[in-house]
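Visitor: This is the structure I have questions about; it appears just below.
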Amino acid sequence: MLPTIVLHVEAFKPPDDDDGFKSTVSDTAWSNMALAQAAKSVLRHKSHRPIAHLALTLYLIRHESVGIVRAVGDAMSPGRGRGVVEAKLKFLGEKRDFACNDRDMDSQGKHFLSCFNACPRAFAGLTGLRVETVRLGESDVLNVLRTCRKLKRLSLDNCDWGSGTVLALEHPELTKLKLELCGAVELRWLPKLAQVTCYSWVPSQNNGYPLLFGHVPRLQKLRLFATAYSHYPTLLLSRLLANCTTLHELYLNFDSQRIWIQPEGPQRLAPLLENLMVLNLDKIYQECDLTWTLFLLQAAPFLKKLQIQVLNHECAPVSQSEMPVGIYICEKYNIKWELPADFKHHDLVKLEVYGFQPDRKFMGYIKRVMMAAVNLEVVALNDKLCQHCGYHPVTRYPGTKKERDLIRRHVNLGITSRVKDVQFHEMSLEGRPIRIID
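Here it is in structure tokens:
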């Protein structure tokens, strides 16, 4: 087998010596220097066998970053190195997220461009690139992408390319794109793009919509995460997904806060969801009515699986005092949607509910889906657990066979198309559902 080399700067910790000597070099700078030495040593090693997978994570500080990138470029060079089949670089800001101000982002952006300009050959061989907490000009981003001609996976985290600027992406090979705390992006020409993940975008002059879809004929999976603070507008999916008709999977995460999409009729939405097969609505806040989710069932005629999770929990809650000036935690409000009484859905085969409790809201919702989905085969009612951090609250989840049998009878009561397979799942500590066999 060909060798794999993975080096992460956070694995290189400075020595914890209490000898009274205080270093003038920060811990992050020390780690970067240690990583540079290790990378140069490992990549300088001569071998007739190319490296199958090379992954390096480094800080955007000091000149050591440039040295690390040059070592990668040398390893890729047929004349000087051993060759690399797949290579990924991840650039971390020394300061990140809310701890990073405008000056820090400018400085880290300059460090990144120094790395790029010093060794474009290394970027030309990359199949994966992640950049965090930098400010770059739009032309800088586009120049990097043009150089990274082999790039398959791109991740931009807390990157700024100018207030009000919509970054237009074009790339012939890109298959996966991840955006976090970034401005609006136009997916102008990405013929191989298959998956897009977008976390907590920065609303812009484009009325708050994070994505504009252009030529993305292979896009099948879209994942959107947002904590809808006061500056987040409510979005129409028919506008957000305009020109995007190929989706097979749609995942929306509301982070136990305000629902940031507006229910709408199927006239405009159905043509965009005509290929949707899996719908996941995650972290709907506990007090919210659930019937609003049915507008998506109505607009997706070939949907096979509908999954919802109800959870009042934020993995890393941010207090109002920690929020940037002018941004506020938004008040939640309830929304509803009524299906036509005669609406029938013929393709849904599985309904999965996480955070189930045997109350009127959940039972009414399940029965309404069963009435509409005439070919429904499985209803899975799962306990509540955050799969990201393991949060497991005390709930009224049915804990005995008698309680579970009562629920099975109740959900089928008065339903013409009865569901025989009503399942119950407890959640393991790893976040996996374990079926209860009665």
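Each position in the sequence shown, counted from 1, maps to that position plus 2 in the working numbering.
C-beta: ideal position from N, C-alpha, C; glycine also.
What you are looking at is a predicted structure, and each value in this text was computed from that prediction instead of being measured.
Taking the alpha helix (DSSP H) that C150 belongs to, which residues open and close that run?
Guide: Along the sequence shown, read from residue 1 onward, the residue named residue 150 stands at position 148. No alpha helix (DSSP H) contains C150, which DSSP labels as neither H nor E.
Visitor: Decide if N255 is buried, meaning its Cβ has at least 16 other Cβ atoms within 10 Å, or exposed.
Guide: Along the sequence shown, read from residue 1 onward, the residue named residue 255 stands at position 253. Per the 10 Å Cβ criterion, buried.
Visitor: State the Cα-Cα distance for the pair L383 and A54, rounded to the nearest angstrom.
Guide: Numbered from 1 along the sequence shown, position 381 holds the residue referred to as residue 383. Numbered from 1 along the sequence shown, position 52 holds the residue referred to as residue 54. Cα to Cα, L383 sits roughly 43 Å from A54.
Visitor: Taking contact to mean at least 3 C-beta pairs separated by less than 8 Å, is the stretch 65-77 in contact with the stretch 94-108?
Guide: At 8 Å Cβ cutoff, the stretches do not touch.
Visitor: Thinking C-beta only, is P360 closer than 8 Å to R420?
Guide: Stepping through the sequence shown from its first residue, residue 420 is reached at position 418. Stepping through the sequence shown from its first residue, residue 360 is reached at position 358. Against a cut-off of 8 Å, the Cβ pair of P360 and R420 comes out as no contact.
Visitor: For L9, I'd like the list of residues in its chain whose CB is within less than 8 Å of its CB, leaving aside the five on either flank, ordered along the chain.
Guide: On the sequence shown, residue 9 is found 7 positions in, with the first residue counted as 1. Result list for L9: L37, A40, A41, V44, A57, L58, T59, in chain order.
Visitor: With a Cβ-Cβ cutoff of 8 Å, do L341 and L292 count as a contact?
Guide: One-based indexing of the sequence shown puts residue 341 at position 339. One-based indexing of the sequence shown puts residue 292 at position 290. The answer is no: Cβ separation not under 8 Å.
Visitor: Taking three-plus beta-carbon pairs below 8 Å as touching, is the stretch 128-139 in contact with the stretch 82-98?
Guide: The answer is yes - the stretch 82-98 touches the stretch 128-139, with three or more Cβ pairs under 8 Å.
Visitor: Any idea what DSSP makes of E140, helix, strand or coil?
Guide: Locating residue 140 in the sequence shown gives position 138, counting from the first residue. The answer is helix: DSSP assigns E140 an H, G or I state.
Visitor: Please list, in chain order, all residues of the same chain as G366 whose beta carbon is under 7 Å from its beta carbon, the five residues on each side excluded.
Guide: The residue given as residue 366 occupies position 364 in the sequence shown. Excluding sequence neighbours, G366 sits near nothing in its chain.
Visitor: Buried or exposed: which applies to L408, given that a residue is buried once 16 or more other Cβ atoms fall within 10 Å of its Cβ?
Guide: Against the sequence shown, residue 408 aligns to sequence position 406. It counts as exposed.
Visitor: Quick test of your reading: G87 and P52, contact by CB under 8 Å. State the CB separation rounded to the nearest angstrom.
Guide: For the purposes of this step, residue 87 is identified with residue 85 of the sequence shown, where counting begins at 1. For the purposes of this step, residue 52 is identified with residue 50 of the sequence shown, where counting begins at 1. The amino acid at residue 87 is misidentified as Gly; the sequence shows Val. So it is a contact: roughly 6 Å between Cβ atoms.
Visitor: How far does the beta strand (DSSP E) with A170 in it reach, from first residue to last?
Guide: Locating residue 170 in the sequence shown gives position 168, where the first residue counts as 1. Taken as a continuous stretch (DSSP letters only), the beta strand (DSSP E) holding A170 covers 169-172.
Visitor: In whole angstroms, what is the alpha-carbon distance linking A101 and Q300?
Guide: As a working note, residue 101 is residue 99 in the sequence shown. As a working note, residue 300 is residue 298 in the sequence shown. Cα to Cα, the separation comes out at about 44 Å.
Visitor: Please go through the stretch 65-97 and give each complete beta strand (DSSP E) segment of 3 or more residues, from N-terminal end onward.
Guide: Runs of the beta strand (DSSP E) inside the stretch 65-97: 86-94.
Visitor: Apart from the five residues on each side of it in sequence, which residues of its chain come closer than 8 Å, Cβ to Cβ, to L128?
Guide: Within the sequence shown, numbered from 1, the residue matching residue 128 stands at position 126. A89, K90, L91, C150, K152, L153, listed in sequence order.
Visitor: Sort out for me which residues DSSP pairs M372 with in a bridge.
Guide: For the purposes of this step, residue 372 is taken as the residue at position 370 of the sequence shown. According to DSSP, which records beta bridges pairwise, M372 is partnered with nothing at all.
Visitor: With a CB to CB cut of under 7 Å and the five nearest residues on each side skipped, what residues in its chain are close to K285?
Guide: Within the sequence shown, numbered from 1, the residue matching residue 285 stands at position 283. These residues qualify, in order along the chain: N255, F256, D257, S258, Q311, L313.
Visitor: Using CA atoms only, rank isn't needed, just tell me which of E172, P212, Q197, T236 is closest to H250.
Guide: Residue 250 sits at position 248 when you count from the first residue of the sequence shown. Residue Q197 is the option with its Cα nearest to H250.
Visitor: Which runs of the alpha helix (DSSP H), 4 residues or longer, sit entirely within the stretch 260-314?
Guide: Runs found: 268-271, 296-301.
Visitor: For L221, which residues in the same chain have their Cβ closer than 7 Å to its Cβ, ignoring the five residues on either side in sequence?
Guide: Sequence index remark: in the sequence shown, residue 221 carries index 219 (1-based). The residues are L195, A196, V198, C246, T248, L249.
Visitor: Can you tell me whether C200 is helix, strand or coil according to DSSP?
Guide: Taking the sequence shown and counting its residues from 1, the one referred to as residue 200 is at position 198. Looking at C200 - three-state DSSP - the assignment turns out to be strand.
Visitor: Determine the extent of the alpha helix (DSSP H) in which G111 is found, giving its start and end residues.
Guide: In the sequence shown, the residue the question calls residue 111 occupies position 109. Its alpha helix (DSSP H) spans residues 104-120.
Visitor: Of the choices K180, Y61, L224, whose alpha-carbon is the least far from that of K15?
Guide: Within the sequence shown, numbered from 1, the residue matching residue 15 stands at position 13. Of the listed residues, the one whose Cα sits closest to K15 is Y61.
Visitor: Which residues mark the beginning and the end of the beta strand (DSSP E) in which D423 is found?
Guide: Counting from one through the sequence shown, the residue named residue 423 turns up at place 421. 423-429 is the extent of the beta strand (DSSP E) around D423.
Visitor: With a 10 Å radius around its C-beta and 16 neighbouring C-beta atoms as the bar for buried, classify A374 as buried or exposed.
Guide: On the sequence shown, position 372 is the one that residue 374 refers to. Under this definition A374 is a buried residue.
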